[in-house]
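Here is the structure we will look at, set down as structure tokens.
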Amino acid sequence: MENNRFKEILIRYAICLGVATALVFGVLALREFWAQTQVSQKIRYLSDAFSITGILFMSFGALFFLSDEGSFDGIGWAMKSAIRVIIPFVGTKDAETYKSYKDRKHSKPKMKGYSCMFITGLVCLVVGIVF
Numbered sequence: 001m002e003n004n005r006f007k008e009i010l011i012r013y014a015i016c017l018g019v020a021t022a023l024v025f026g027v028l029a030l031r032e033f034w035a036q037t038q039v040s041q042k043i044r045y046l047s048d049a050f051s052i053t054g055i056l057f058m059s060f061g062a063l064f065f066l067s068d069e070g071s072f073d074g075i076g077w078a079m080k081s082a083i084r085v086i087i088p089f090v091g092t093k094d095a096e097t098y099k100s101y102k103d104r105k106h107s108k109p110k111m112k113g114y115s116c117m118f119i120t121g122l123v124c125l126v127v128g129i130v131f
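Each residue of the sequence shown is one higher than the one before, starting from 1 at the first, in our numbering.
Next comes the structure, spelled out in structure tokens:
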């Protein structure tokens, strides 16, 4: 049982690391890293690539955390209610109250495993700062 959980965590981190590596190489390719001859420019581009990747991963990890905690429930309910008011014949008789909407949303199990995104982003950001 414990070995299976460790495998799942290892797979999540491997996927995050693979995507982060692809993103770093993508940023380096956009900046034409391999055409540069000056070492200072190469170090600057490496720093940019790792910093951008780190900030993106940390931001997505934080957004997943906030979404999982219910921070965006009010916005989702308001958008759904606005669409019901604007579009005719959608039906207002089965309109859901905010409390029932929130109860329905929180009855589902929470997301797991998004912390690997935040930690991978933190590692990339530290590497970017070191460069």
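For glycine and all other residues, C-beta sits at the position ideal for the given N, C-alpha and C.
Rounded straight-line distance, which links the Cα of residue j to that of residue i
i, j, result
"Asp103", "Glu96", "11 Å"
"Lys110", "Lys42", "42 Å"
"Ser47", "Ala20", "14 Å"
"Ile9", "Ile129", "26 Å"
"Phe50", "Phe65", "22 Å"
"Ile11", "Leu17", "10 Å"
"Glu32", "Tyr98", "51 Å"
"His106", "Leu125", "33 Å"
"Lys80", "Asp68", "19 Å"
"Ile83", "Tyr101", "15 Å"
Bounding residues of the alpha helix (DSSP H) (the contiguous stretch that carries residue i)
i, result
"Gln36", "Where Gln36 is concerned, there is no enclosing alpha helix (DSSP H), given that its DSSP letter is neither H nor E."
"Ile87", "From DSSP, Ile87 is part of no alpha helix (DSSP H); its letter is neither H nor E."
"Thr120", "Ser115 to Val130"
"Lys136", "In the structure as shown, the chain begins at 1 and stops at 131. Residue 136 is therefore absent and cannot be evaluated."
Distance CB(residue i)-CB(residue j) smaller than 9 Å
i, j, result
"Gly135", "Tyr13", "A query on residue 135 cannot be resolved here, the shown segment of the chain reaching from 1 to 131 and no further."
For the 8 Å Cβ check, are there 3 or more pairs between the region 24 to 40 and the region 64 to 75?
-> no
Take every Cβ of the region 109 to 126, pair it with every Cβ of the region 40 to 54, and state whether three or more of those distances are shorter than 8 Å.
-> yes
With a floor of 3 residues, list each beta strand (DSSP E) that falls wholly inside the region 51 to 87, ordered by position along the chain.
-> none
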